[in-house]
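Protein chains in written order, with the numbering used here: chain A, 7 to 276; chain B, 437 to 728. We put the CB at the ideal spot given by N, CA and C, even for glycine. Reading through the structure tokens given below for one structure.
In structure tokens form, the structure reads like this:
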């Protein structure tokens, strides 16, 4: 896995959240998440358990509506948009526990990802079949290339429910990449993955950044964060505690108290 | 032996009608995850739309009337879903409540048919046909068209599901709606398209049932609905290919059995097969884990 060395761009953001709040039956899960995600960078979203990371990710991907606050992709306000509209705006996500379209083959899992396809319309299927077929052929070629990159080519015709846990993680990332998103939101991509695969996934994420994609990843593994992330957002008790480089955050007492100390202690006592 | 081959011929016709209706019902179930008990009445209403275009007003050729009558049923199905069923489905997470609404809708449609066309048997305007001898089978040209239409529709549904983006999106939604949405699939639009296809197939199935039986009555669809359920459950609920296979099995079994037992009992044969299937393989004969 290569080390990151680019400086964080100032002022250019791919995603902006302002004062996002969310409660469940009176219990506040997110109490004021405010942060910018720099464009073309890898941003880590870290924090102790119960910090509201997953809730924030669910709000960002449109799976949950926030009670208040704003969210912007580029210059477009996408607050509380439906998830398919957010995906079509260019934000794709993966899940902490891998989710796949189990009844579809590995290849078909990728073929549902590209947006704005003419084959989505019944009219085009009947009256412009050539265009829909051409797009489908081009998508298939691209999907096979991506599967090859992610080491899933030989599994292309297998039903995705038959894949192993690690293969499912790779399939989720591959499906996200297939959509050519501006922002890829990875919810704990290294969770439950063996060390060799952690290195591979880290490499893929760096490659995506090199291609200009903005990555946001929820991650507990600080070694990974240290190695590949340019920017870190720390959430605690549902609000943004601090943002910056991990090396700078290590000197922040509040962050150390709320999260880093806990993680460092946990790793040293293991 | 002649009677046996005759019944096999009828079996093909029944299986064709059943296949169209069972696949239409399965498509809709796969997307919405609730059983539409008004589906039989969709079939009847579609058949009456065809009747209006063929025998009451425009006097169109039966097959042209069938196309327009079925499309009309498809559009009506979309509207019923949009303004009646979807609001309930959004409000109640349990599909049981929406199923109750479809029961109510079934009664409403049936009574609308009774109030407009009355309880009497109606007939399409069709030229009298000679019976054709094809090998050991005796079939009319219209029955052959019904079978060809069913085969073409099954092939069309297969190609749509497997090769088009729309079909893959439908299967993705049937598999995991949340994941489909976060992958950018507009599930509301897919639902609308599915209701249109399902409603159109109900209209076609109802009309060809009327053609195959030689008449149409308001309750014909409702009675046939139970045979459709048998085909869908025997094939494997939610599986399109299971519905096709279940339709062939139930259609052939009911008609062939009529050659050996009192034809009044032929529907019971369908339910005997259904009960045996549920006892031996509750998920259906052709089901795989998950849907699609």
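In chain order, 596, 600 and 602 make up the part of chain B whose C-beta sits under 8 Å from the C-beta of residue 131(A). With contacts defined as CB atoms closer than 9 Å, residue 60(A) and residue 245(A) fail to qualify as a contacting pair.
Residue 27(A) is bridged by DSSP to 37(A) and 74(A).
Among the residues facing chain B, residue 118(A) is included, as its CB has a counterpart in that chain under 9 Å away.
If you compare the alpha carbons of 254(A), 255(A) and 249(A) with that of residue 42(A), the shortest gap goes to 249(A). Close partners of residue 629(B) in chain A (Cβ separation under 8 Å): 128.
In the structure shown, the three-state DSSP call for residue 250(A) is strand. Closest in C-alpha terms to residue 116(A), from the list 207(A), 184(A), 196(A) and 82(A), comes 184(A).
In terms of beta-carbon proximity, residue 124(A) lines the interface with chain B, with at least one pair separated by less than 9 Å. Under DSSP, the beta-bridge partners assigned to residue 19(A) are 44(A).
Between the alpha carbons of residue 517(B) and residue 57(A) lies a distance of about 41 Å. Taking the Cβ atoms as the reference, residue 167(A) lies roughly 3 Å from residue 108(A), within the contact range of under 8 Å. At the C-beta level, residue 705(B) and residue 723(B) stay beyond 9 Å of one another.
For the options 674(B), 668(B) and 658(B), the alpha carbon positioned closest to that of residue 541(B) is the one of 658(B). Only 67 and 69 from the stretch 58–86 of chain A bring a Cβ to less than 7 Å from some Cβ of chain B. Residue pairing of residue 471(B) in beta bridges, as defined by DSSP: absent, with no partner found. In chain order, 501, 502, 505 and 643 place their CB closer than 6 Å to the CB of residue 486(B), counting only its own chain and leaving out the 5 sequence neighbours on each side. Taking 8 Å as the cut-off between beta carbons, the residues of the stretch 183–203 of chain A near chain B are 185, in sequence order.
In the displayed model, residue 574(B) falls within a strand according to three-state DSSP.
Contact annotation for residue 121(A) against chain B: 620 [CB-CB distance below 8 Å, chain order]. Judged by DSSP secondary structure, residue 606(B) falls within the alpha helix (DSSP H) whose first and last residues are 601–611. Contact annotation: the stretch 178–194 of chain A touches the stretch 59–74 of chain A, with at least three C-beta pairs closer than 8 Å. Residues of chain A whose Cβ lies closer than 9 Å to the Cβ of residue 452(B) do not exist; the shortest such Cβ separation is about 23 Å.
As a beta-bridge residue in DSSP terms, residue 569(B) pairs with 574(B). Around the CB of residue 654(B), 16 or more other CB atoms lie within 10 Å, so the residue is classed as buried. Restricting attention to 716(B), 619(B) and 691(B), the CA atom closest to the CA of residue 101(A) is found in 619(B).
Chain-ordered, the chain A residues with CB closer than 7 Å to the CB of residue 608(B) read 107, 110 and 118.
The beta carbon of residue 460(B) is closer than 6 Å to those of 634, 637 and 638 in its chain, skipping five residues each way along the sequence.
Listed by position along chain B, the residues whose Cβ is nearer than 7 Å to that of residue 89(A) are 617 and 618. In the structure shown, residue 94(A) falls within a helical segment according to DSSP collapsed to helix, strand and coil.
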